[in-house]
């Protein structure tokens, strides 16, 4: 009888932790003669998937090793980058842009810059 009560309490505790979430953070530094040799930052979040999504944590949805959809997005992204590079390469240079930049650099008549020049 006592064993089943302990299991129920453990299940309740686990349910509360997953529902509310828990964060464990710590820094470990190994140094020798006041010279840091190794710094380790540990950040651990334990919570349910629903709580993680609520907090904005969803790395498993975009990791290609964990999600087929992420792999599809990665392929689509690569194709879009290739198309953009081809369009940029084939587009003629716009001479109007360079003229506007050059005229913008010259001082305007009547301005303080023109008077000082």
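In this note's numbering, the protein residues as written are 7 to 123.
We treat Cβ as the ideally placed atom computed from N, Cα and C, and that holds for glycine.
Everything numeric in this text was worked out from a predicted model, so none of it was measured.
*With a Cβ-Cβ cutoff of 8 Å, do residue 44 and residue 52 count as a contact?*
Stepping through the chain shown from its first residue, residue 44 is reached at position 38. Stepping through the chain shown from its first residue, residue 52 is reached at position 46. Against a cut-off of 8 Å, the Cβ pair of residue 52 and residue 44 comes out as no contact.
*Grab me the residues of residue 31's own chain with a C-beta within less than 6 Å of its C-beta, minus the 5 sequence neighbours each way, in chain order.*
Looking up residue 31 in the chain shown gives position 25. Excluding residues within five positions, the ones whose Cβ falls inside 6 Å are 49.
*Check whether the Cβ atoms of residue 76 and residue 82 sit closer than 8 Å, and answer yes or no.*
By 1-based counting over the chain shown, the position of residue 76 is 70. By 1-based counting over the chain shown, the position of residue 82 is 76. No. Outside cutoff.
*Report yes if the CB atom of residue 70 is closer than 8 Å to the CB atom of residue 60, and no otherwise.*
In the chain shown, counting from the first residue as 1, residue 70 sits at position 64. In the chain shown, counting from the first residue as 1, residue 60 sits at position 54. Not closer than 8 Å, so no.
_Here's a check: name, in chain order, each residue in its chain whose Cβ is nearer than 6 Å to the Cβ of residue 29, leaving out the five neighbours to either side._
Numbered from its first residue, the chain shown carries residue 29 at position 23. Counting only Cβ-Cβ distances below 6 Å, and skipping sequence neighbours, we find 51.
*Counting along the chain, where does the beta strand (DSSP E) carrying residue 38 start and finish?*
Position 32 of the chain shown, counting from 1, holds the residue named residue 38. Start and end: 28–38.
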